[in-house]
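Colleague: A single structure is presented below for examination.
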Amino acid sequence: MTKGAIKNKKESQLYIYIILIIATGITLLPMLLSKSIRGDDYFFHLLRIEDIKNGLSYGQFPVSIMPESLYGYGYGNGLFYPDLLLYIAAIIRLFGVSLFNSYKIFMSICTLLATFTMYFSARRILKSNNKALYISIFYIFAQYKITDLYVRAAVGEYLAFIFLPIVILGVYELVCKDYKKWYILTIGMSGIILSHLLSVFIVSIMCALLYILNIGKLIKEPKRILYSILAAITTVLLTSYTLIPLLEQMISSKFSVQEVEPFVYNKSTVFKELFTLNDVMIYSVGYILLFLSLIYIFVPFKKKNRFVTTCFIAGVISFILTLKTPLLHAISNNISIYNNIQFAWRLNLIATPLLAIALGYAVDALMPKKINKTIVVILISIISIIPLMTTVKYIKANRLKNIDLTNFSQKHSASIGAGEYMPEGASKNKLKKRGPIVTSNDKQFKYSDYSKKGTLINLDYKVSKDGSYIELPLLYYKGYTFEITSKDGSEIEKGQVTHSKDMVVRVNLGNIKEGHLKVDYAGTTLMKVGDIVTIITLIFMIIYIIKRNRENDTNKCI
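Going by our numbering, the sequence shown runs without a break in its numbering and finishes at 564.
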């Protein structure tokens, strides 16, 4: 390649990057220019960010328990709901940036990442800058993606948009191309797990559809199935540090999240309502993406791409499963696990990238080659921006709120959604009524030098009888430990705390009637095992990827 050709290629690539950044910036303008847009889960995710920041400032790491939530009793969100990526926003907060601006910066970063993971994944699959560009623009302006950002403030699910293209690329490599690049699917699915656990089930549906639609290829080359299994196993091992605590807590106690109601069918979409400006339309894949993607049908057979065709079919199926039909009713009633997705329209999460791929490919295939690429991009952007304009109109009518974010974790400490991760027996009202007090079954109980720093409580106590216990202003989760030191220092007792019927932490004092008590969330042995498994798996993957890249470089030189 000549120097001139290399220069032109770089300039063309820079041109594409600028277009993608500008398009992404346009979708972010309503957030960047407004004081506050209150989405459905807005307070909950702000509280997550603020309390991770609080936990880090108290010396907690990882912040498994949100220390100031639930009136200071602590909420074990980090044990159930992966928080890794939110540490970015929390660290920004630690540098003194306001909570709302930290949220804006974080969501802007995530939006840009989603744009470029789609671009690079699509380019890798289709070997075309133009196709990847068109696909990315449709992805950037997709109705459901914009709804997740503004209307729902569904931070976890929105993060999944970063990793969805990587998952699709991983499936492509395993099913159609180099199955020894199984690690791409592992990276993508691990990202989904660390973003939003509920989306794992939904994305698994997408993977299943893509595999079923390519079953012929898999039967001919069974090694592809074996490497897919390897990718799945490695994903579980790589995310053990978050999956093991989740399973351990679920097994050891009962939580609200374990009660699943079969209401997916009731939360599905009536087709005709897609064309009205209401909640139903806002939560849909959007008629622009839906109906324009149908032009893929008119792409000449010789120009069609087999994998893109499977993406198109899987995208249409995913959309159909969001509609109120006899099929969805049967699935909801007979496959109980399906109800875990809660809302049928959540399948728009996977319909969005799949249909964007089909539409972007179709535009490039059907567009006359004489038409300038810039004109194509402008036309696509004008059409695609309609969902954003529609959403902005809806936001102005329903979601603009003046919100005071000062002392947020104190004012809104109970903003934990439905409290799915509260242990059975506990309630917000009981904790609020109880207040930040220390109690005992010993009427002569006295305590002094009390301090609470996050999940760490220290106090000196005195009781009058053996077998006494102390109850502390901490919500119980497995992993809290205590250390009692007698007043003269001759006895030290350590162990796991228990809990009251209201699920607050209880420490049995044994026969030490006077001394110092220290309670903190130290985690469990299994949690430490999960950390070790994750680290070992990560090292294995890095070594494997480096080795693979070296082998590829060697083969290129031969």
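A virtual CB, placed ideally from N, CA and C, is assigned to each residue, including glycine.
How do the segment 338–349 and the segment 198–209 stand: do at least 3 beta-carbon pairs fall below 8 Å, yes or no?
Modeller: yes
Colleague: Over what stretch of residues does the alpha helix (DSSP H) that includes T461 continue unbroken?
Modeller: Premise fails: T461 is in no alpha helix (DSSP H) and is neither H nor E.
Colleague: Using a threshold of 7 Å, state whether the C-beta atoms of Y48 and A159 are closer than that.
Modeller: yes
Colleague: Can you look up Y293 in the DSSP assignment and give me helix, strand or coil?
Modeller: helix
Colleague: Just to confirm, is the Cβ distance from I409 to S42 under 7 Å?
Modeller: yes
Colleague: Can the beta-carbon of L35 be found less than 7 Å from the beta-carbon of I250?
Modeller: no
Colleague: Terminal residues of the continuous beta strand (DSSP E) containing G84?
Modeller: That residue, G84, is in no beta strand (DSSP E); its alpha helix (DSSP H) goes N83 to F86.
Colleague: Assign L295 to one of two classes, buried (16 or more other C-beta atoms within 10 Å of its C-beta) or exposed (fewer than that).
Modeller: Buried is the call here.
Colleague: Scan the segment 36–104 and note each continuous beta strand (DSSP E) run of 3 residues or more that stays entirely inside, going in chain order.
Modeller: none
Colleague: Is the segment 232–242 touching the segment 454–474, taking contact as three or more C-beta pairs under 8 Å?
Modeller: no
Colleague: Would you list the one or two residues that DSSP bridges to T491?
Modeller: I498 and H522
Colleague: Assign L385 to buried or exposed, taking buried as 16 or more other Cβ atoms, counted over all protein chains shown, within 10 Å of its Cβ.
Modeller: exposed
Colleague: Where do the N-terminal and C-terminal ends of the alpha helix (DSSP H) with V444 fall, by residue?
Modeller: No alpha helix (DSSP H) contains V444, which DSSP labels as neither H nor E.
Colleague: Residues in the same chain with beta-carbon distance under 6 Å from L216, minus the five sequence neighbours each way, listed in chain order, please.
Modeller: Excluding positions up to five away in sequence, the list reads V177, T316 and A320.
Colleague: Could you tell me whether the Cβ atoms of I422 and Y109 are closer together than 7 Å?
Modeller: no
Colleague: Give the DSSP-derived three-state secondary structure of S553 in the structure shown.
Modeller: The amino acid occupying residue 553 in the given sequence is Lys; Ser does not appear at that position. Helix at K553.
Colleague: Within 10 angstroms of the Cβ of R230, are there 16 or more other Cβ atoms? Answer buried if so, exposed if not.
Modeller: Classification of R230: buried, given that the 10 Å Cβ count is 16 or more.
Colleague: Taking the alpha helix (DSSP H) that L244 falls in, what are its first and last residues?
Modeller: K229 to L244
Colleague: Taking the straight line between their C-alpha atoms, what separation do you get for A148 and K484?
Modeller: 42 Å
Colleague: Excluding the five sequence neighbours on either side, which residues of its own chain have a C-beta within less than 7 Å of the C-beta of L191, listed in chain order?
Modeller: V173, G176, V177, L180 and A237
Colleague: Against chain C, with Cβ distances strictly below 7 Å, would G536 count as a contact?
Modeller: Among the protein chains of the structure shown there is no chain C, as only one such chain exists.
Colleague: Would you kindly check if the distance between the Cβ of L91 and the Cβ of A59 is under 7 Å?
Modeller: Sequence inspection shows Lys at residue 59; the Ala mentioned does not correspond to that position. Contact: no.
Colleague: In three-state DSSP terms, what is F169?
Modeller: helix
Colleague: From the DSSP output, read off the bridge partner residues of K452.
Modeller: K468
Colleague: On the criterion of 16 or more Cβ atoms from any shown chain inside 10 Å, does A424 qualify as buried, or is it exposed?
Modeller: exposed
Colleague: Contact check, L480 vs T461 under 8 Å by CB: the rounded distance?
Modeller: 7 Å
Colleague: Considering only the beta carbon of each residue, do T117 and S142 sit closer than 7 Å?
Modeller: No. Outside cutoff.
Colleague: How should P6 be labelled, buried or exposed, when 16 other C-beta atoms within 10 angstroms of its C-beta is the threshold for buried?
Modeller: Nothing about residue 6 can be read from this structure; the chain reaches only from 7 to 564.
Colleague: Mind checking whether S415 and E56 have CB atoms under 7 Å apart?
Modeller: yes
Colleague: Apply the 10 Å Cβ neighbour rule to I564 and answer buried if 16 or more other Cβ atoms are within range, or exposed otherwise.
Modeller: Legend: pLDDT at I564 = 47, less than 50; position of this residue unreliable, no value from coordinates given.
Colleague: Report yes or no: do the segment 241–260 and the segment 521–535 share at least 3 C-beta pairs separated by less than 8 Å?
Modeller: yes
Colleague: If the criterion is Cβ atoms closer than 7 Å, does the pair F167 and G197 meet it?
Modeller: no
Colleague: By the three-class DSSP mapping on this structure, what secondary structure does L515 have?
Modeller: coil
Colleague: Pick from Y486, S492, L53 and E426: whose alpha carbon is nearest that of V513?
Modeller: Y486
Colleague: Within 10 angstroms of the Cβ of N132, are there 16 or more other Cβ atoms? Answer buried if so, exposed if not.
Modeller: In the sequence as displayed, the identity of residue 132 is Leu instead of Asn. Burial call: buried.
Colleague: Of all the options S259, I392 and L333, which has the alpha carbon lying nearest to the alpha carbon of K507?
Modeller: S259
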